[in-house]
Each structure stands twice: as structure tokens, then as C-alpha cells.
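Residue numbers (the numbering used here): 74 to 305.
We put the beta carbon where it would ideally sit given N, CA and C, even for glycine.
Since the structure is predicted, the reported quantities are computational estimates derived from the model, not experimental observations.
Heads up, the thing below is written out as C-alpha cells.
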Amino acid sequence: MIQLAPSLLSCDFSKLKDEIRTIEEAGCDVLHLDVMDGHFVPNITFGPVVIKGIRKLTKLPLDVHLMIEHPEKWITQFVEAGADWISFHPEATEDIGKVIELIKKQGSLAALTLNPETPLEVINPFLKELDFVLIMTVKPGFGGQSFIPEPLKKIEILSQKGIRVEVDGGIKLENVERVVKAGAQIIVSGSGIFKTSDTESTVKEFKRIFRNNIEKGLHSTSNNLQQKTVSC
Ligand code: DX5
Ligand code: ZN
74 MIQLAPSLLS CDFSKLKDEI RTIEEAGCDV LHLDVMDGHF VPNITFGPVV IKGIRKLTKL
134 PLDVHLMIEH PEKWITQFVE AGADWISFHP EATEDIGKVI ELIKKQGSLA ALTLNPETPL
194 EVINPFLKEL DFVLIMTVKP GFGGQSFIPE PLKKIEILSQ KGIRVEVDGG IKLENVERVV
254 KAGAQIIVSG SGIFKTSDTE STVKEFKRIF RNNIEKGLHS TSNNLQQKTV SC
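Quick look at the structure:
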């Protein structure tokens with residue numbers, strides 16, 4: 074199964090409830106929530122208080138992408154706010170293992186996020202503990218940027234080893250097939266969903282593309298979900 078995770082960053086926040094209902098009814102699987110602190114990335118978004126509100130609006134899993142310094146200080150608050158999945162950037166903390174442990178101890182799924190320039194090897198010591206890896210195909214900080222193709226190689230390597238991969242940045246209907254063929258299992262799209270004229274039909278088209286690729290056997294991890302025992 075390939076999951077679609079719309080990034081709320083590009084939605085119309087004046088209609089947040091309607092936007093969430095639309096994508097939920099159209100068949101989205103996960104909500105991707107981008108948390109930015111103005112330090113780790115040059116942008117500020119929202120924190121646990123808003124996520125707690127979003128939690129009341131949907132039953133979909135909340136996929137919280139932390140782009141903040143010292144994530145260890147905030148994990149408990151995000152879990153209590155309703156974060157089901159939490160990913161963070163290795164550059165943001167001095168103790169990656171401790172942050173993963175904190176996330177998992179409190180019952181959420183943990184992931185490391187790799188910027189386009191961050192080498193894959195960074196995840197090696199933590200592979201056994203990670204639930205998935207988030208590969209960035211833009212520089213983090215803003216929605217609506219252009220897709221960077223070089224990290225596709227990382228997706229291929231990870232997915233061939235049976236590691237669950239989420240991909241984030243610049244993904245639209247026009248290029249999503251490249252990401253799916255590389256083996257990604259969770260696809261984030263912000264402007265590619267919310268900045269289109271018909272959000273609902275865009276979501277359905279994403280899902281149709283996913284189904285097509287699985288049926289054609291082009292998705293490299295179709296039969297190989299969630300094994301994560303091999304290091305890179
Ligand atoms: C960027 C964020 C992304 C962003 C994706 O820092 O992590 O989740 O919202 O937006 P698009 O799909 O427009 O690149
Ligand atoms: Zn994100």
C-alpha cells in the first residue's frame with residue numbers, strides 16, 4: 074500500500090476544518106504537519122497547541138515533521154497533542170538516539186529526516202529503531218518549491234533494503250510516478266494538492282496512479298513491507 078499524506082502547510086487555514094474534511098473524504102491516509110521554529114529553518118508555522126486542535130478534527134494519523142532545534146525538549150508535548158508519527162532532522166540535536174527513544178517510549182512512530190545534501194549513512198546506527206525514513210526532495214522550510222531529483226537514489230537504496238520511506242517536497246501529479254517507482258511508500262504533497270483547482274479530484278488521481286503502479290508491479294517494495302534489518 075502507498076499512502077498519501079497531504080501537507081497542510083499549503084491549505085487555506087481560514088477553512089482548515091473544510092480542507093481536512095475534503096482530503097479525508099477523498100481518501101487521504103495521513104495528515105502531514107510541518108512544524109518550523111524560525112531557527113532550524115527560516116520560517117515559522119505552528120506547534121503543539123494547533124496540533125491539539127487538528128487532532129479533534131480528524132481520525133487520520135498525524136505525521137508531525139519537526140523542523141526545529143533541540144526536538145528532545147518538545148517530544149512529550151507533541152505526543153500529548155496527538156502526534157502519531159514524529160520525524161526530526163539529525164542536524165537538530167546532539168543526541169539522535171535519545172530523541173528516537175523519547176518518541177518511541179511514548180508510543181509514537183519515529184523517523185529521521187534527511188535533507189537533499191545529508192548523506193544516507195547518518196541513519197545507519199539507528200536503523201533498527203526507526204519506523205521509517207523521511208527523504209526530503211526540497212530544502213526544508215517552505216511549500217511550493219521545485220522537486221530535486223538527486224535524492225531519488227536514496228529512496229531506491231532504502232526501499233530495496235525493505236526500509237519504509239516517506240518522501241517530501243515538490244511532489245505533484247506530474248512527477249509522483251518517479252517517486253513511486255523509486256519505492257516510496259508514503260508520499261507527501263502540499264501545493265500539489267491544495268493549490269490545485271479541485272483538491273478532491275487531485276487526491277483521487279494521486280491514488281489512481283498509486284494503484285496503477287502497484288498493479289503493474291512497478292513499485293519495488295510491493296511485496297517487501299516494513300523489514301528494516303539491513304544497514305546501508
Ligand atoms: C517543506 C515541508 C513540506 C512542504 C511540502 O519544508 O517539509 O512538507 O509543505 O510542500 P510541497 O509539496 O508544496 O513542496
Ligand atoms: Zn514536511
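Going by DSSP, Thr-275 is part of the alpha helix (DSSP H) stretching over 272–288. For Val-252, the three-state secondary structure derived from DSSP is helix. In the DSSP assignment, Phe-161 forms a beta bridge with Leu-185.
Here Asp-136 is buried: its Cβ has 16 or more other Cβ atoms, across all protein chains shown, within 10 Å. In the structure shown, Pro-121 adopts helical secondary structure according to DSSP, grouped into three states. The Cβ-Cβ distance between Cys-84 and Glu-92 falls below 8 angstroms.
When only Cα atoms are considered, Glu-142 and Gly-214 end up about 13 angstroms apart. Here the C-alpha atom of Ala-257 lies approximately 28 angstroms from the C-alpha atom of Ile-117.
Residue burial is scored here from C-beta neighbours: Pro-198 has fewer than 16 other C-beta atoms within 10 angstroms and is therefore classed as exposed. Taking a contact to require three or more Cβ pairs closer than 8 angstroms, the region 188–206 and the region 220–228 qualify as touching. Counting other Cβ atoms within 10 Å of its Cβ, Phe-151 reaches 16 or more and is therefore classed as buried.
Not one heavy atom of ligand 2 falls within 7 angstroms of the beta-carbon of Ser-232. Residue side-chain check: Asp-102 keeps its Cβ at 7 angstroms or more from all non-hydrogen atoms of ligand 2.
Under DSSP, Gln-76 shares a beta bridge with Ile-259. Under a 10 Å Cβ-count criterion, Met-74 is classified as exposed, with fewer than 16 other Cβ atoms of the shown protein chains found around its own Cβ.
Within 10 angstroms of the beta-carbon of Asp-241 lie 16 or more other beta-carbons, which makes it buried. Val-252 places its beta carbon 8 angstroms or farther from that of Ile-259. Here the C-alpha atom of Asn-285 lies approximately 38 angstroms from the C-alpha atom of Gly-170. A distance below 8 angstroms between beta-carbons, with the five flanking residues on each side excluded, links Pro-115 to the following residues of its chain, in chain order: Gly-214. DSSP, read as helix, strand or coil, puts Asp-204 in coil.
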